[in-house]
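2 protein chains.
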Amino acid sequence: MDNIINHQFRLAARPVGLPKDSDWQRSAEPVRAPADGEVLVQTLYLSLDPAMRGWMNEGKSYIPPVALGAVMRAGGVGVVLQSRADQFQPGDYVMGGLGVQEYWTGPANDRAAALVRIDPQLAPLTTWLNTLGMAGMTAYFGLTEVGQAKAGETVVVSGAAGAVGMAVGQIAKNLGCRVVGVAGGPEKCGFVVRELGFDACIDYKSGSLKDGLKQHCPDGVDVYFDNVGGDILDTVLTRLRMHARVVICGAISQYNATAPMQGPSNYLSLLVNRARMEGMVVFDYAARYGEAAARMGQWLRAGTMKSKEDVVEGFERFPEALNMLFEGRNLGKLLLKVAEA
Amino acid sequence: MDNIINHQFRLAARPVGLPKDSDWQRSAEPVRAPADGEVLVQTLYLSLDPAMRGWMNEGKSYIPPVALGAVMRAGGVGVVLQSRADQFQPGDYVMGGLGVQEYWTGPANDRAAALVRIDPQLAPLTTWLNTLGMAGMTAYFGLTEVGQAKAGETVVVSGAAGAVGMAVGQIAKNLGCRVVGVAGGPEKCGFVVRELGFDACIDYKSGSLKDGLKQHCPDGVDVYFDNVGGDILDTVLTRLRMHARVVICGAISQYNATAPMQGPSNYLSLLVNRARMEGMVVFDYAARYGEAAARMGQWLRAGTMKSKEDVVEGFERFPEALNMLFEGRNLGKLLLKVAEA
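From first to last, the protein sequence lines are chains A and B.
Residue 188 in UniProt numbering sits at position 188 of the first sequence, and the numbers go up by one each step.
Residue 154 in UniProt numbering sits at position 154 of the second sequence, and the numbers go up by one each step.
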């Protein structure tokens, strides 16, 4: 494989605020041929996720930070080019932690990469990084297990036009909930209502979120699925119903903040309303991904759930593509297309 | 009863910050004789609780605010002087919402007052306003139901030398937990360790709470019972174990704040640790008070639980006595002694 070059993005510095170009180091090295038990995978699509910003910081979290100088961590789908392992054949499509690089060589049973075969007949490759991938799993288990959403309840989800938000809203609709999204701008709000069937979506940039919640959730909020933190979390807390559940999935509004983290000053609404705020990390549900994929697969086939991806083409555009997440410029799951399938 | 005068404290103004003397209106009126179905109760002790500060504010909460001009709401124990109701006889001791006044006349089945007969042979009158009253019930159900504390777990409780905190720590010890208190000053800390059997108590005023938590909870915190909010809540959040439970019972550090409420800026620890923060209001467990009283009564008789009261004598001292709570000057359950039993 000496004549093929593997281009990579490595973490050069821990960003302060929004990642900038100098936080990345571009590298290029010959593709390494697989040893015994190993496979060589060509990256086709990479998943760009808000959580990646957290992985760039130093300090204890739910997984170790990316080391300085290491290839940036990312999930992706790829195709097996060579295999010296029983589990995979050349031509197999796989999903796993490929990293921000064009090729991945390693043990077929590598724990960090956690490669699994995917079937492009069942769903397009991009869907495997979205509804049938981490975003969909996060939404499914966050809403059903942590949020305990039940038919007839009112579910509010922020980041409604992001990958997790879109899935949360559609899963909730399939469960018989009333769904109100929160998103920035008329395009996003219009999309989730018209295309995805949300009952309403509040454009927090163009009006008062509080008034929107009063209008669209007159009896209050049973489940709030929070992807953003900050002022939006704080405002929704004022509108909880008794025994409400707040699912803490992320806080994208705070990931690039250089000021101290903003805590939810209205948290005593949890006391008044006997409500709960609970965090979740999708990896805890790994043993049950199949169950969720089967159920969401049914909804996708039945047309009661749609998988929407926003694809940026070109490996070299990784830095700007990642920042689109934090600038709120993506509509649906943001993917980087690295090579043709 | 025309020759007996009932002195009262009424709410004259909604306080800004710590209640001041001009927020109270002293009144005096003849004691009203009971009508048919009514009783006349003489107040013996009044319970002084942090929650009373919240009742003085305008706005929606878990119970309506005290109206301006109304007798201040308070729980108390008293003795029945006259009865024209079947439920009570003169000489009976009762507990209920007597208000900040020397005498209470009203229907024996008044819902707001919720009078119940208590047995001074089973426990002293003051214990009925403490361990066997709201403070004990709050501690018991907050710790066992919301906090789900289990033997072998580490429980941290703030306001450890207050009525609820003392009960929380002692209940947790009886359940087989390791208990670390947080309190202000060496006297309080020494008391809960030496007299009540806490494993440790961190004096947040004299050193670093964070260092104290590292020392006394090296494996982290399973259950945090929060009575204070503010910086203490924020610091404990950084030391949660996986699947920890944070019980939000109160936020005494914030009740008199005139600045905006301080939210817990480290709330994303809930995500990293798959932890939960949940509010509670003791009234929800009213149907089960008997169960808790029976269990705590056993512990009191066995000597594995102690009821500690801090009694201020003299009805006229109500305003200064209430403020002792917010100035952290009480050790144990703060009571106002109104008359001799």
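C-beta atoms are modelled at their ideal positions from N, C-alpha and C, and glycine is treated no differently.
Distance, residue j Cα to residue i Cα
i	j	result
residue 10 of chain B	residue 186 of chain A	52 angstroms
residue 323 of chain A	residue 298 of chain A	33 angstroms
residue 318 of chain A	residue 107 of chain A	26 angstroms
residue 99 of chain A	residue 88 of chain A	19 angstroms
residue 341 of chain B	residue 118 of chain B	13 angstroms
residue 378 of chain B	residue 111 of chain B	Chain B is shown only over 1 to 341; residue 378 of chain B falls outside these bounds and no answer can be derived.
residue 101 of chain A	residue 164 of chain A	24 angstroms
residue 310 of chain B	residue 335 of chain B	6 angstroms
residue 249 of chain A	residue 233 of chain A	11 angstroms
residue 21 of chain B	residue 266 of chain A	29 angstroms
residue 295 of chain A	residue 288 of chain A	11 angstroms
residue 214 of chain B	residue 237 of chain A	31 angstroms
residue 211 of chain B	residue 170 of chain A	46 angstroms
residue 315 of chain B	residue 268 of chain A	32 angstroms
residue 342 of chain B	residue 179 of chain B	Missing from the structure shown is residue 342 of chain B; chain B here goes from 1 to 341 and no further.
residue 139 of chain A	residue 67 of chain A	28 angstroms
residue 15 of chain A	residue 216 of chain B	34 angstroms
residue 46 of chain B	residue 30 of chain B	20 angstroms
residue 243 of chain A	residue 143 of chain A	15 angstroms
residue 308 of chain A	residue 168 of chain A	13 angstroms
residue 222 of chain B	residue 198 of chain B	16 angstroms
Collapsed DSSP secondary structure at residue i in the structure displayed
i	result
residue 337 of chain A	strand
residue 266 of chain B	coil
residue 30 of chain B	strand
residue 72 of chain B	coil
residue 126 of chain A	helix
residue 282 of chain A	helix
residue 258 of chain B	coil
residue 92 of chain B	coil
residue 114 of chain A	coil
residue 295 of chain A	helix
residue 154 of chain B	strand
residue 324 of chain B	helix
residue 215 of chain A	helix
residue 383 of chain B	Residue 383 of chain B lies beyond the residue range present for chain B, which begins at 1 and ends at 341; the question has no answer from this structure.
residue 16 of chain A	coil
N-terminal and C-terminal residue of the beta strand (DSSP E) that residue i is part of
i	result
residue 88 of chain B	Premise fails: residue 88 of chain B is in no beta strand (DSSP E) and is neither H nor E.
residue 106 of chain B	103-107
residue 43 of chain A	38-47
residue 8 of chain B	5-11
residue 201 of chain B	200-203
residue 356 of chain B	Since the first and last residues shown for chain B are 1 and 341, residue 356 of chain B lies out of range.
residue 240 of chain B	240-248
residue 349 of chain A	Outside the modelled stretch of chain A, which goes from 1 to 341, sits residue 349 of chain A, for which no answer is possible.
Cβ pair residue i, residue j closer than 8 angstroms
i	j	result
residue 71 of chain A	residue 94 of chain A	no
residue 162 of chain B	residue 225 of chain B	no
residue 328 of chain B	residue 181 of chain B	no
residue 134 of chain A	residue 75 of chain A	yes
residue 145 of chain A	residue 270 of chain B	no
residue 6 of chain B	residue 28 of chain B	yes
residue 188 of chain A	residue 160 of chain A	yes
residue 276 of chain B	residue 246 of chain B	yes
residue 12 of chain A	residue 23 of chain A	yes
residue 228 of chain A	residue 253 of chain A	yes
residue 125 of chain A	residue 77 of chain A	yes
residue 56 of chain B	residue 65 of chain B	yes
residue 338 of chain B	residue 44 of chain B	yes
residue 105 of chain B	residue 38 of chain B	yes
residue 54 of chain B	residue 264 of chain A	no
residue 255 of chain A	residue 50 of chain A	yes
residue 272 of chain B	residue 158 of chain A	no
Host alpha helix (DSSP H) of residue i (start-end)
i	result
residue 171 of chain B	163-174
residue 56 of chain B	Here residue 56 of chain B belongs to no alpha helix (DSSP H), and DSSP marks it neither H nor E.
residue 138 of chain B	134-141
residue 66 of chain B	Where residue 66 of chain B is concerned, there is no enclosing alpha helix (DSSP H), given that its DSSP letter is neither H nor E.
residue 228 of chain A	Taken as a continuous stretch (DSSP letters only), residue 228 of chain A belongs to no alpha helix (DSSP H), as it is neither H nor E.
residue 187 of chain A	186-194
Legend entry - Segment contact flag, the region 282-299 of chain B with the region 83-94 of chain B, C-beta cutoff 8 angstroms, min 3 pairs: The region 282-299 of chain B makes no contact with the region 83-94 of chain B; the number of CB pairs closer than 8 angstroms stays below 3.
Inset, instruction - Report yes or no: do the region 171-179 of chain A and the region 301-316 of chain A share at least 3 C-beta pairs separated by less than 8 angstroms? - result: yes
Inset, instruction - Pair every Cβ in the region 192-204 of chain A with every Cβ in the region 256-269 of chain A, then say whether three or more of these pairs are closer than 8 angstroms. - result: Touching, no.
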